[in-house]
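A quick write-up on the structure given underneath.
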Amino acid sequence: MKTWMNRHSQFLIILNFFILSVLSLYIVYLQNGHIMIGDDYHFHQNRIEGLALSLEQGMLLPKVSYFFIGGYGYASSLFYPDFYLYFPAILRVFGFSLASSFVVFSVCINFSTFVLTYISGRYMSLTKMKSYLFSLLYTLSIYRLQDFFNRQAIGELLAMGFFPLVLASLYLLKNGKEKKWLLLTVAMTGIGLAHFISLEIVSIFIGLYILFNLKRFLKKEVIVAIVKAAGVTILLLAFYLVPVFEQMKHVTFQVTANPLTLISERSYSLSELITKSFKNSVFHKSSANIGVVLLFGLAIYTLMLFKRNLPNRELVILALFFMFMTTDLFPWSFFDHTPLNTIQFPWRFLSIVTLLLAFLIANDDLGLFKKFPSSQIIVVMVIFLGVVLYEKESIDTEGKRILSYDAYDQTNSYYIGAGHEYLPKEVDYSTIKKNKERKVVYDDAKIDISNVKMDFDSVAFDYHSIDKKKTTVTIPFIYYYGYQAKIVSEGSEKIIPASLNKQNGLVAIPLSKNGSVSISYHTTLAQKISLSISVLTLSTCVTWKVATMYSIKLKRKK
537 MKTWMNRHSQ
547 FLIILNFFIL
557 SVLSLYIVYL
567 QNGHIMIGDD
577 YHFHQNRIEG
587 LALSLEQGML
597 LPKVSYFFIG
607 GYGYASSLFY
617 PDFYLYFPAI
627 LRVFGFSLAS
637 SFVVFSVCIN
647 FSTFVLTYIS
657 GRYMSLTKMK
667 SYLFSLLYTL
677 SIYRLQDFFN
687 RQAIGELLAM
697 GFFPLVLASL
707 YLLKNGKEKK
717 WLLLTVAMTG
727 IGLAHFISLE
737 IVSIFIGLYI
747 LFNLKRFLKK
757 EVIVAIVKAA
767 GVTILLLAFY
777 LVPVFEQMKH
787 VTFQVTANPL
797 TLISERSYSL
807 SELITKSFKN
817 SVFHKSSANI
827 GVVLLFGLAI
837 YTLMLFKRNL
847 PNRELVILAL
857 FFMFMTTDLF
867 PWSFFDHTPL
877 NTIQFPWRFL
887 SIVTLLLAFL
897 IANDDLGLFK
907 KFPSSQIIVV
917 MVIFLGVVLY
927 EKESIDTEGK
937 RILSYDAYDQ
947 TNSYYIGAGH
957 EYLPKEVDYS
967 TIKKNKERKV
977 VYDDAKIDIS
987 NVKMDFDSVA
997 FDYHSIDKKK
1007 TTVTIPFIYY
1017 YGYQAKIVSE
1027 GSEKIIPASL
1037 NKQNGLVAIP
1047 LSKNGSVSIS
1057 YHTTLAQKIS
1067 LSISVLTLST
1077 CVTWKVATMY
1087 SIKLKRKK
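The sequence shown begins at 537 in the numbering used here and counts up by one.
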């Protein structure tokens, strides 16, 4: 039996991860056909539903989701990458309920995080057992559970699945394996396709990690490897980054004009952070924490800093530093009006703390698992118990957030995120919510409009100008750069760009004479070029990797 288990250990570990992926969600997502909803559930629910509707309409790469805001449209697909959401959206297209699609998606997120963390551990020369423990400590960590269940911050959750690969990539580069630079590209691209803020956070971590290991990284081969990894990552993400910057150039959005919060207002005291971590407290606005297991690990390794020749000393220091950044001891007020304010919540750095502590405990530089062989089993049992108790407490304290699957399937398209970040600053959202009936607005003393037809992603009508001058007509779409009007007048056809109505943030078009017009969103030149660059880069990387593997295979045969 033992021999069979050793031979099939890899399969058994993967099978165990799948079982844990399901069981760890049972209390909050599966029990009695109910789901516990989180802070962001409405928004991500709408993103999935909107993408599914776009796919049904034949829009494979939508930029504006017309499910949002009762048809006014919101550029969620442009500012928030949809890459991973295609899976639950396709399930919706095939007839799965919204609740079922989300639950299946959640299991897949868990499973992929388990597997990626385990693989990362193996890259960092951890044994199978240590890699397994690393995966448990990270995937079932309290901060990640808070992200998953209480916040339902799906973007951040997906991004965290790639954090261990970043650590593994840095480990390999640090140890002279610069040919593994593509792993860092995969990790950073995976994060960028999920959550841009997480990309910022990880970039800060990478910068500090390199500084702590400057001698190892100040080598020509390693520098070239990092430059290649960064360059290819940017090219792979060009299809997402370029359109975002293009929109920012042409439109001022709420995210910059009226930011949701100042980062200095969202930090809290060190004592509160430690207390909440010790209690495995359920997430609320000021109770994000790392949990008691990782807290004990941090305490032990902090004490060991005074020990000479402590391996991975820089990881302990970085864990302490990012823990410090979470608190009000860090001078966040200096960064309120800088790009760092886009991080919004300092406690997001706990994702890095969680990663580092999970690795340190699993790696066991102190040899505690050798001295106390049963301690590994105890740690695993404590992790499992912690998950069960955390989920039970979440259910007990947030009973109002428990919905049946049928109730979960009821959507409200007007939930677009708390800060309404990517509405033009001219939009008064409260006014739009009060006037939900979409109408073409015009001055009937200057122009007559008839045969108005509103389709899923377009508005068309006939018009007859009374005034000889051009008259502005407002179309019931939220304005984004890329809207165009196709005008047929006096036997000729022309296409003109729409403009922003500065009074209400909607689409405006100037009309004169008589004719018909159709208004819809069109992919911009920058969007087309950036997509081509990303596809070409991906094709080149895949071809190069396959060719390299084939070449190695041929050499082995010889």
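We put the beta carbon where it would ideally sit given N, CA and C, even for glycine.
Nearest to PHE819 by alpha-carbon distance, out of TRP868, TYR926, ALA1044, is TYR926.
Inter-segment contact for the region 751 to 768 and the region 928 to 937 is absent: fewer than three beta-carbon pairs are separated by less than 8 Å. Between the region 666 to 685 and the region 706 to 713, the count of Cβ pairs shorter than 8 Å is below three; the stretches do not touch. The criterion of a C-beta distance shorter than 8 Å is not satisfied by VAL640 and VAL558. Here ALA761 is not bridged, per DSSP, to any residue. A Cβ-Cβ separation of about 20 Å leaves VAL977 out of contact with LYS1022 under the 8 Å criterion.
Look at the region 832 to 886 and you find these whole runs of alpha helix (DSSP H), each 4 residues long or longer: 849 to 862.
Listed in chain order, the non-local C-beta contacts of ILE919 below 8 Å within the same chain comprise LEU672, LEU673, LEU676, VAL829, local neighbours out to five positions each way being set aside. For the 8 Å CB-CB criterion, ASN825 and LEU896 do not form a contact. For PHE997, the secondary structure class from DSSP, reduced to helix, strand or coil, is strand. Residue environment for TYR1086: exposed (fewer than 16 other C-beta atoms within 10 angstroms of its C-beta). Considering only GLN581, LYS599, ASN794, the residue with the shortest C-alpha distance to ASP964 is ASN794.
Proximity to SER667 across ASP900, ILE626, THR797 peaks at ASP900, based on C-alpha coordinates. Around the beta carbon of ILE1002, fewer than 16 other beta carbons lie within 10 angstroms, which makes this residue exposed. Here SER661 carries a coil assignment [DSSP, helix/strand/coil].
Rounded to whole angstroms, the separation of the alpha carbons of ASN1050 and THR878 is 47 Å.
The straight-line gap separating the alpha-carbon atoms of ILE626 and ALA588 is approximately 6 Å. For the pair ALA635 and TYR944, the CB atoms are nearer than the 8 Å cut-off. DSSP places VAL976 in the coil class of the three-state scheme, outside both helix and strand. In the DSSP assignment, LYS928 falls within the alpha helix (DSSP H) that extends over 911 to 933.
Distance between HIS580 and LEU1090, taken at the CA atoms: about 47 Å. Judged by DSSP secondary structure, TYR944 falls within the alpha helix (DSSP H) whose first and last residues are 941 to 944. Setting aside the 5 residues that flank it on each side, ILE938 is surrounded in the same chain by HIS570, MET572, each with a C-beta closer than 6 Å to its C-beta; the list follows chain order. Under the three-state reduction of DSSP, ASN816 is assigned to coil, being neither helix nor strand. For SER601, the closest alpha carbon among the candidates SER817, PRO617, GLY594, ARG583 is that of ARG583.
Boundaries cannot be given for GLY903, as no alpha helix (DSSP H) includes it and DSSP labels it neither H nor E. Within the same chain, LEU709, GLU714, TRP717 come within 7 Å of ALA761 by CB-CB distance, once the 5 residues on both sides are set aside. Rounded to whole angstroms, PRO617 and LYS812 show a C-alpha spacing of 33 Å. Within its own chain, the residues whose Cβ lies closer than 8 Å to the Cβ of ILE799, once the five positions on either side in sequence are excluded, are TRP868, PHE871, ASP872, LEU876, ASN877, ILE879, GLN880, PHE881, PRO882, listed in chain order.
In the three-state reduction of the DSSP assignment, MET595 falls in the coil class. Residue pairing for GLY1051: DSSP places it in a beta bridge opposite TYR999.
DSSP lists PRO1033, SER1056 as the bridge partner or partners of GLN1020. Around the beta carbon of LEU597, fewer than 16 other beta carbons sit within 10 angstroms, so the residue counts as exposed. According to the DSSP assignment, ASN552 belongs to the alpha helix (DSSP H) that extends over 545 to 559. Rounded to whole angstroms, the separation of the alpha carbons of VAL1043 and TYR1016 is 8 Å. Taking a contact as a CB-CB distance under 8 Å, the pair TYR608 and ILE1014 counts as one, their CB atoms being some 5 Å apart.
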